[in-house]
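Engineer:
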Ligand SMILES: *Cc1c(COP(=O)(O)O)cnc(C)c1O
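Numbering (this note's numbering), first residue to last: 385 to 801.
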């Protein structure tokens, strides 16, 4: 097993240069292949009946190269999990079929019926709906939504002995609020509350577990995949949480079956080594756009943590890994839905600046009007509370094409507004 693995130890994440995170773990293939092998079998055989019996008793397992069934454990997915755990600096990680399955599995693992969650009011629309509708209706798990920037409010909302999870996004979608991970972890841990962070917007940029979080979840569908072609997710954290999620009798991975396809795990594995380069490109391009936009029109309402006036600009700077910027997403507030739509139409169809689409992390720029797309399941009051204005256009910044070419496409469309 070890022969196949080149494991680069990373001492302190804080000062690690960008590339090191992506190369923290390299899995070699079965026949000394330079890439890891794909174990495409969904079931595994045993050398004799005694070995089979011992596998089911849990006396032997992956550590001795024994597997049973791929919904439980698959060597390829385990290998990808090791890569992602190395990237996030967690003890272990396991991958799932989507970001939402990773997120919902974590809630179902950490909360029992009657349980309580404290969550940021600015969340990915699906996560917000899960906490607002599904979990209370189906599992009697309730959520108090808070302003994640207001540490006192967060502290007050957590009830010792009842609240089991504090949930937030490292950089929130789409409002780009940056969470103070070290302080939030401190106040949660004082009440024995587990801190779960969705790091989809900031892989490589932030290492939430190093900053105090217990569990880190990802939608791999975004930056980690990078080509807008895969739906996948990951749960990163301590072995006593992640391994238990595969428990044959109680674990949500095992019983709800949000299993990743090993062929997909192989594909994702090959994209992690260049994730750091891509993240840097996204961040650099985003910073350049917002700087130029502020020059072009000082009255334009631009939202980006890289701007000095962003309320968490220095917080993000203090938490982020070396050599990265401030993320690949920025928003501009066009004030009304009509103006937002007009800008997107011009940018896509007149000047080819980018595509209208809801995802992020693609190499081309994607634009969406959050209020009427990804966050449309929020009612007007919820949107207002989350700070999502009707004219907010979210840009997931791509890095292809020269900056000059792309900027001229933007200014041409903007001048027609
Ligand atoms: C997309 C997204 C999710 C959901 O992930 P899927 O892979 O689409 O299931 C969760 N959180 C955030 C922040 C996202 O952007």
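Glycine included, each C-beta is placed from N, C-alpha and C at the ideal position.
#1: Answer yes or no: do residue 472 and residue 554 have a C-beta to C-beta separation smaller than 9 Å?
#2: For residue 743 and residue 431, I'd like the C-alpha separation in whole angstroms.
#3: Using the three-state DSSP reduction, which class does residue 461 fall into: helix, strand or coil?
#4: Could you tell me the alpha carbon to alpha carbon distance between residue 771 and residue 662, rounded to whole angstroms?
#5: When every heavy atom of ligand 1 is checked, does at least one fall within less than 8 Å of the C-beta of residue 557?
#6: Determine whether the beta carbon atoms of residue 753 and residue 731 lie at a separation below 9 Å.
#7: Under the criterion of a Cβ to heavy atom distance below 8 Å, does residue 553 qualify as lining ligand 1?
#8: Enumerated in chain order, which unbroken segments of the beta strand (DSSP E) with a length of 3 residues or greater are wholly contained in the stretch 689-727?
#9: Start and end of the beta strand (DSSP E) containing residue 550?
#10: Where do the N-terminal and C-terminal ends of the alpha helix (DSSP H) with residue 512 fall, by residue?
#11: Mind reading off the beta-carbon distance from residue 548 to residue 492? Whole number of angstroms is fine, and I expect it under 8 Å.
#12: Can you say whether residue 532 is buried or exposed, counting buried as having 16 or more other CB atoms within 10 angstroms of its CB?
#13: On the CB-based measure, 16 or more other CB atoms within 10 Å of its CB, does residue 623 come out buried or exposed?
#14: Inspect the CB distances between the stretch 720-728 and the stretch 700-708 and report whether three or more fall short of 8 Å.
#15: Can we say the stretch 643-655 touches the stretch 504-513, given the rule of at least three CB pairs closer than 8 Å?
#16: Could you tell me which uninterrupted beta strand (DSSP E) segments, each at least 3 residues in length, are contained entirely in the stretch 612-676, listed from first to last along the chain?
#17: Taking only heavy atoms of ligand 1 into account, decide whether any of them is closer than 8 Å to the Cβ of residue 534.
Structural biologist: So, from the listed chains and residues:
#1: no
#2: Taking the straight line joining both Cα atoms gives about 46 Å.
#3: helix
#4: 29 Å
#5: yes
#6: no
#7: yes
#8: 713-717
#9: 547-553
#10: 509-513
#11: In this structure, residue 548 and residue 492 do not form a Cβ contact; the two beta carbons are roughly 11 Å apart against a cut-off of 8 Å.
#12: Under this definition residue 532 is a buried residue.
#13: Looking at its Cβ environment, which holds fewer than 16 other Cβ atoms inside 10 Å, residue 623 is exposed.
#14: no
#15: The stretch 643-655 is not in contact with the stretch 504-513.
#16: 617-621
#17: no
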